[in-house]
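Following our numbering, the numbering of the sequence shown begins with 1 at its first residue and continues without gaps.
Every residue, glycine too, gets a C-beta built ideally from N, C-alpha and C.
Owing to the predicted nature of the structure, the values given are computational and were not obtained by experimental measurement.
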Amino acid sequence: MGSGSWHMEKRHSFKNEPVKDVEHVLENGSLSIIVLGASGDLAKKKTFPALFNLFQQGFLQPNEVHIFGYARTKISDDELRNRIRGYLVRDKGASRKDLEDVTKFLQLIKYVSGSYDTEEGFRLLDKEISETEVLRNGVDGLSRRLFYLALPPSVYPSVCRMIRHCCMNKTDLGGWTRIVVEKPFGKDLESAEQLSTQIGELFEESQIYRIDHYLGKELVQNLLVLRFANRFFLPLWNRDNIENVQIVFREDFGTEGRGGYFDEYGIIRDIIQNHLLQVLCLVAMEKPISLKPEHIRDEKVKVLQSVLPIEDDEVVLGQYDGYRDDPTVPDHSNTPTFSTVVLRIHNERWEGVPFILKAGKALNSRKAEIRVQFKDVPGDIFKCKKQGRNEFVIRLQPSEAMYMKLTVKQPGLEMSTVQSELDLSYGQRYQGVTIPEAYERLILDTIRGDQQHFVRRDELKAAWEIFTPLLHRIDNGDLKPLPYKPGSRGPAEADALLEKAGYVQTHGYIWIPPTL
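Structure (C-alpha cells):
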C-alpha cells in the first residue's frame, strides 16, 4: 500500500505548462520592487531568485516591473547583477531559454548605494524610482512600491523612517507603498512590541507584511484545505481521537559559520517561536467564517491566546558538543541548539492534548514534519497495539508528502497484522510539477495585497507572550542545555519527555518515499 495505491481512479496529467492568461499582478501603473540589503546573503540566495522565478512564470512583466537594489556597498549595476547571476539558475544543464531569461531579468535591476539612517541615499533612491515610474506611466503616483527589507531588525526603524519620509508615493491615484520585514521580530515581548510600535507609527497595518517563509511552504498551505475540505477529518480532529501532535524541525548540520549570529537568538527564537508556532496555529485553529485573510488570522490569534504558560518540566534544552568551538560563540554560552517544548491549549477541542514542538541542529537527519498520533483502538482484538498507533504525517521537507500510518493484514495465509501507509508523495503523484519556493509565493501575495500568510501584530504579540518567560529563564541561566553528540537524536531526556507526554514510538516501521 506504500506507493500511492489509494488512487485507483484515472489520474490526471500534471505537467509544467507555459503560463497562459496569467493574472496580472497590477491593475494599472508600474511596480517598483526595492530590495534593501541587496548585497547581502538573504537577498542573493532567496529574494532575487524568487523574483526571477516570478518573472520566468510571467507574473512580473518586463514592461511593468522594475527592480532596485539598495545597500551600503559601493558597487555598480553590473557588479550587483554579476553577484546575483549565479544564484538564479543553479542547474549546470540550464537551457538556452533560461540563460536568456536571466539576461532579460538582470536588465530590470538597478542599484543605488547609500546608508540606512540618512536621507541622502533614500532621496537618490526615490529619484531613480520616480524617473522610472514617469517613464512607464507618464504620471507620478500611479505606481506600486514594494520595499523588501532583507536586513537585520536593528535597522528596521531607521530604514522605515527613511522610506516614510523620502520614498512614499507623492499622490494618491491608486498606487500603494508596502514593506516586507523578515524575522526575527524582536527577541522577546518587550523588544517586539517596541519594534511594532516604531514601525506602526510610520505605516498602517495593511502596509506591513511580516514574512515567515514557513507559511509559504506548499504542505503548510495545504493544511486548511486538508482540514476543512475533507469530511472524514472533521469528526476526528479533536481531543476525543487525537493523543498528541508533534511539530518537528531537524537539521543534520550545525551553525556552520553563523555561530555568533545564532548565539544571540538560539533555537527557540530562531525556529520554534515563529515557524513551528505558526504551523501549530493552522493545525489547531477553528474553521474561519471565510478565506478572507483577517478571518483566518483571527482564528490563529484565538489559538495562541488559549495556550497555557509553559512548565519547566515540559521543556528539554540541548547544546551539541563542539558548538562552543566556534570562535564567534562565547566560551560559556548557555544558548540551546536543541529544544523540545510541550504546549497545552486550553479550549474545548484540545484540552489535554499535548502539542510537542521540537527543533534542533546537528541531529541525525534533516526533515520538517507534522505528526498527528491518534489514540489506541479500544478492544484490541488483533493484539496489534504493540505495532504502533495510527498516525497522520505531513512531511514539509524534504520529499514533500502526506501519509496515514494504519494497521493492515499481512498478505498470506496467516491472520497477522503489519503497519503500512496510505501515501500521497508529491514527487510521484505530481510528476513534472515544480513546487514553488516559499519566498516566490509570499512575494506574489504581497504584490496582490493578500496578507493571509503574513503575521499580524496581535498574532506576533500573542506568540511572544507564550515564549518570553521561558526565554528569560534561559537567558538568566536558570535553565541549562544538556550536551548531546552531533549526529544523534538529541538529548535522551527529550525522548523521555515525549514518552511522558503520551507519544508512543512505532518500532519496526520506517516510511520510505516511493520511487517513480
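For Leu471, the closest of Lys187, Phe48 and Asp263 by C-alpha to C-alpha distance is Lys187. The DSSP-derived three-state label of Glu459 is helix. Contact between the region 315-329 and the region 469-486 is established, with three or more Cβ pairs separated by less than 8 Å.
One alpha carbon belongs to Glu133, the other to His66, and they sit about 9 Å apart. For Val155, there is no enclosing beta strand (DSSP E), as DSSP gives it neither H nor E. Taken through DSSP and simplified to helix, strand or coil, Gly114 comes out as coil.
Of the candidates Thr103, Gly477 and Arg178, the residue whose Cα lies closest to the Cα of Leu444 is Arg178.
Taking C-beta separations shorter than 7 Å and ignoring five residues to either side along the sequence, the partners of Ala401 in its chain run Arg395, Asp423, Leu424, Ser425, Tyr426 and Pro513, following chain order.
If only uninterrupted alpha helix (DSSP H) runs of at least 4 residues are considered, those enclosed by the region 250-301 are 259-267 and 277-284. Following the DSSP letters along the chain, one finds Lys375 in no alpha helix (DSSP H), marked with neither H nor E.
In the three-state reduction of the DSSP assignment, Met415 falls in the coil class, being assigned neither a helical nor a strand state. The bridge partners DSSP lists for Ile34 are Phe68 and Phe147.
With a cutoff of 8 Å on beta-carbon distance, Tyr265 and Phe454 are scored as not near each other.
When secondary structure is reduced to three states using DSSP, Asn244 falls in the strand class.
One alpha carbon belongs to Gln410, the other to Thr417, and they sit about 5 Å apart.
Using a Cβ-Cβ distance cut-off of 8 Å, the region 154-165 and the region 43-57 are not in contact, since fewer than three pairs of beta carbons, one from each stretch, lie closer than that value. Going by DSSP, Gln194 is part of no beta strand (DSSP E) but of the alpha helix (DSSP H) stretching over Leu189 to Gly200. Boundaries of the beta strand (DSSP E) harbouring Lys405: Ala401 to Lys409, taken from the DSSP string. The three-state secondary structure of Asp325, taken from DSSP, is helix.
Rounded to whole angstroms, the gap between the alpha carbons of Lys500 and Glu459 is 30 Å.
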